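What follows is a set of notes on a single structure, which appears directly below.
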Amino acid sequence: MSEHSNWPEWIYVGVVIALMCWVGAEAWQAERLVEHVPADAEIIKVTGQQWFWTFEYEDGTKTIGDLYVESGKAYKFEIHSKDVIHSFNIHDYVVLMDAVPGRVTTVWFAPVEVGTHDIQCREYCGLIHYNMRGTLHVEEAST
Amino acid sequence: MKGILGLFLVLAALVVVPAVDLAFAAGDEPGEYLDRRVVIWNLFFRMMTVAFVVGAVVSGTIIWQVWRFRESHPKAKPTPYEGTDW
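Read top to bottom, the protein sequences are chains A and B.
According to my numbering, the first sequence is numbered sequentially starting from 1.
According to my numbering, the second sequence is numbered sequentially starting from 144.
Listed below in structure tokens is the structure:
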């Protein structure tokens with residue numbers, strides 16, 4: 001047993017720690033990038049309630065179920081809930097944020113192409129949860 | 144005593160790391176325009192690559208060890224614990 005050595009174990013421990021640091025740093029960097037809201041982002045108030053979404057724009061107009069945005073601009077969603085926990089999701093743009101009663105949660109995105117995309121509640125919120133849907137309409141920039 | 148110290152170190156890290164993350168990750172300065180789909184899916188695929196490579200290395204090492212140190216391997220030698228009467 002005189003030739004016993006622990007160095008493979010220490011290398012293994014070192015590799016695991018290095019990998020975890022690298023994975024953590026990558027995730028941190030991605031989080032930092034996607035959570036920094038551009039200064040000129042337009043704020044849209046999103047309200048979830050059983051079982052539909054209401055969108056209120058900066059000019060005070062409201063739409064129910066249909067969200068209208070322009071391509072090439074940034075939008076910051078301030079998400080509210082009137083009753084239970086919902087989750088605001090635009091799957092095609094990887095937008096996902098819980099709507100929690102009594103809190104305002106935020107998420108932002110900048111659409112790049114004209115088109116329509118599905119909006120769906122992603123937190124089970126009662127009988128008609130499956131149909132708590134909406135549509136995102138990305139239109140040509142007006143200016 | 145060493146065990147308690149280690150436990151508290153782990154617990155402290157569990158509390159401190161998310162707190163630091165919360166305080167500094169988002170920051171106050173305005174961000175740049177970016178396509179979050181690109182950032183998030185890139186992260187996902189890189190992490191999947193890491194996960195599968197680690198999985199392959201670990202399972203490969205285990206398979207090699209089981210094959211190399213089986214009793215019937217031609218080069219298998221008894222350990223001192225097992226005695227020399229093989």
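Just so it is clear, CB atoms sit at the ideal spot from N, CA and C, and this is done for glycine as well.
Treat the numbers as computed from the prediction; the structure is a model and nothing was measured.
Query	Result
Just the C-alpha distance for A/V112 and A/A141, rounded to the nearest angstrom, thanks.	10 angstroms
Determine the extent of the beta strand (DSSP E) in which B/E214 is found, giving its start and end residues.	Here B/E214 belongs to no beta strand (DSSP E), and DSSP marks it neither H nor E.
With a 10 Å radius around its C-beta and 16 neighbouring C-beta atoms as the bar for buried, classify B/A198 as buried or exposed.	It should be pointed out that residue 198 of chain B corresponds to Gly in this sequence rather than to Ala. By the neighbour-count rule (16 or more Cβ atoms within 10 Å), B/G198 is not buried but exposed.
With 8 angstroms as the threshold, decide whether the Cβ of A/E26 is near any Cβ in chain B.	yes
Just reading off the beta strand (DSSP E) that A/I11 is part of, what are its end residues?	Where A/I11 is concerned, there is no enclosing beta strand (DSSP E), although the alpha helix (DSSP H) it sits in stretches over 7–35.
I'd like the span of the beta strand (DSSP E) that includes A/A99, first residue to last.	95–99
Going by DSSP, what residues sit across from B/T119 in a beta bridge?	Nothing can be reported for residue 119 of chain B, as the shown portion of chain B is limited to 144 through 229.
By Cβ distance, which residues of its chain are closer than 7 angstroms to A/K62, with the 5 residues on each side in sequence left out?	T54, F55, E56
For a quick check, are the C-beta atoms of A/A30 and B/L152 less than 8 angstroms apart?	no
Could you give the distance in angstroms between the alpha-carbon of A/D92 and the alpha-carbon of A/V138?	12 angstroms
Determine the burial state of B/M191: buried for a count of at least 16 other Cβ atoms within 10 Å of its Cβ, exposed for fewer.	exposed
Quick check: A/G65 and A/G126, are their CB atoms within less than 8 angstroms of each other?	no
Out of curiosity, what's the CA-to-CA distance linking A/G60 and A/K45?	10 angstroms
A/C21: buried (16+ other C-beta within 10 angstroms of its C-beta) or exposed?	exposed
One question on the structure: do B/D164 and A/W10 come within less than 8 angstroms of each other, judged by their Cβ atoms?	no
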